[in-house]
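Engineer: Numbering (the numbering used here), first residue to last: 35 to 189. Every residue, glycine too, gets a C-beta built ideally from N, C-alpha and C.
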Amino acid sequence: MKKVRIAMTEDGVPANVLREISLLRHLGKYNHPNIVRLLDICPGPKYDKVMELYLIFAHVDQDLEKFLKNCPPPGLPPNKVKDLMWQLLCGVDYLHSHRIVHRDIKPQNTLVTNNGTVKIADFGLARIYDFNTLLTSTVSLPSLDQSALDQSELD
Numbered sequence: 035m036k037k038v039r040i041a042m043t044e045d046g047v048p049a050n051v052l053r054e055i056s057l058l059r060h061l062g063k064y065n066h067p068n069i070v071r072l073l074d075i076c077p078g079p080k081y082d083k084v085m086e087l088y089l090i091f092a093h094v095d096q097d098l099e100k101f102l103k104n105c106p107p108p109g110l111p112p113n114k115v116k117d118l119m120w121q122l123l124c125g126v127d128y129l130h131s132h133r134i135v136h137r138d139i140k141p142q143n144t145l146v147t148n149n150g151t152v153k154i155a156d157f158g159l160a161r162i163y164d165f166n167t168l169l170t171s172t173v174s175l176p177s178l179d180q181s182a183l184d185q186s187e188l189d
């Protein structure tokens, strides 16, 4: 379950919240094994200018970060890493084939069920692109100090 606090504007519910909910409902029609499934939406309390919604998802016990931390030494065997990556890439391929770019894939947004199934979650930053939308080629990289840049030139 995900609790969403919505600051009500003059126009009603903000567009990003509507986008996430409509995207999850659209994806739920296809029931892909590597995409988290939205089961229901329940309204919560409504205050002066704030409203709460509860998004009810199929239960998944842990995210990938917790899964990896709980892994006993020496870590995951290579075939398990390959399986997890394959499932993640299948989910991303599914999203991209439906013109959806997630934009926030990280261990905390990647869920792992008890039987080892990977599910992509948290579509708050996701976007649907049509064929007329131009994607930027700008890439943001962490800033490096000059010594790191000098070292890379020597390699």
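Is the number of C-beta pairs between the region 35-49 and the region 83-100 that are closer than 8 Å three or more?
Structural biologist: yes
Engineer: What are the boundary residues of the beta strand (DSSP E) that includes M42?
Structural biologist: Taking the sequence shown and counting its residues from 1, the one referred to as residue 42 is at position 8. In this chain, M42 is not harboured by any beta strand (DSSP E), its DSSP state being neither H nor E.
Engineer: Does V115 come out as helix, strand or coil in the three-state DSSP assignment?
Structural biologist: What you label residue 115 is simply residue 81 of the sequence shown in a count that begins at 1. Correct three-state label for V115: helix.
Engineer: How far does the beta strand (DSSP E) with L91 in it extend, from its first residue to its last?
Structural biologist: Residue numbering aside, residue 91 sits at position 57 when the sequence shown is read from its first letter. Before going further, note that residue 91 is Phe rather than Leu in the sequence given. Note, F91: beta strand (DSSP E), 84-91.
Engineer: Taking the alpha-carbon of I134 as reference, which of G125, Q142, E44, N149 has the nearest alpha-carbon?
Structural biologist: In the sequence shown, residue 134 corresponds to position 100, counting from 1. When only C-alpha atoms are compared, the closest one is G125.
Engineer: Thinking just about the alpha-carbon of each residue, which of L122, H132, V146 is nearest to the one in I139?
Structural biologist: Position 105 of the sequence shown, counted from the first residue, corresponds to residue 139. Minimum Cα distance to I139 is reached at L122.
Engineer: When we look at the beta-carbon of N143 and count the other beta-carbons within 10 Å, is it buried (16 or more) or exposed?
Structural biologist: For the purposes of this step, residue 143 is taken as residue 109 along the sequence shown, with counting starting at 1. Classification for N143: buried.
Engineer: So, helix, strand or coil for K100, using DSSP?
Structural biologist: If you number the sequence shown from 1, residue 100 lands on position 66. Three-state result, K100: helix.
Engineer: Just curious, the alpha helix (DSSP H) that L110 is in, first and last residue?
Structural biologist: Residue numbering aside, residue 110 sits at position 76 when the sequence shown is read from its first letter. Counting along the chain, L110 falls outside any alpha helix (DSSP H), and DSSP gives it neither H nor E.
Engineer: So, helix, strand or coil for P141, using DSSP?
Structural biologist: Translated into the one-based positions of the sequence shown, residue 141 becomes position 107. The answer is helix: DSSP assigns P141 an H, G or I state.
Engineer: Exposed or buried, K153, counting other C-beta atoms within 10 Å across all chains shown (16 or more means buried)?
Structural biologist: Residue mapping note: residue 153 aligns to position 119 of the sequence shown, counting from 1. Buried, because 16 or more other Cβ atoms sit within 10 Å of the Cβ of K153.
Engineer: If you measure between the beta carbons of F101 and M35, is that distance less than 8 Å?
Structural biologist: Counting from 1 along the sequence shown, the entry for residue 101 is found at position 67. Counting from 1 along the sequence shown, the entry for residue 35 is found at position 1. Not in contact: F101 and M35 (Cβ atoms no closer than 8 Å).
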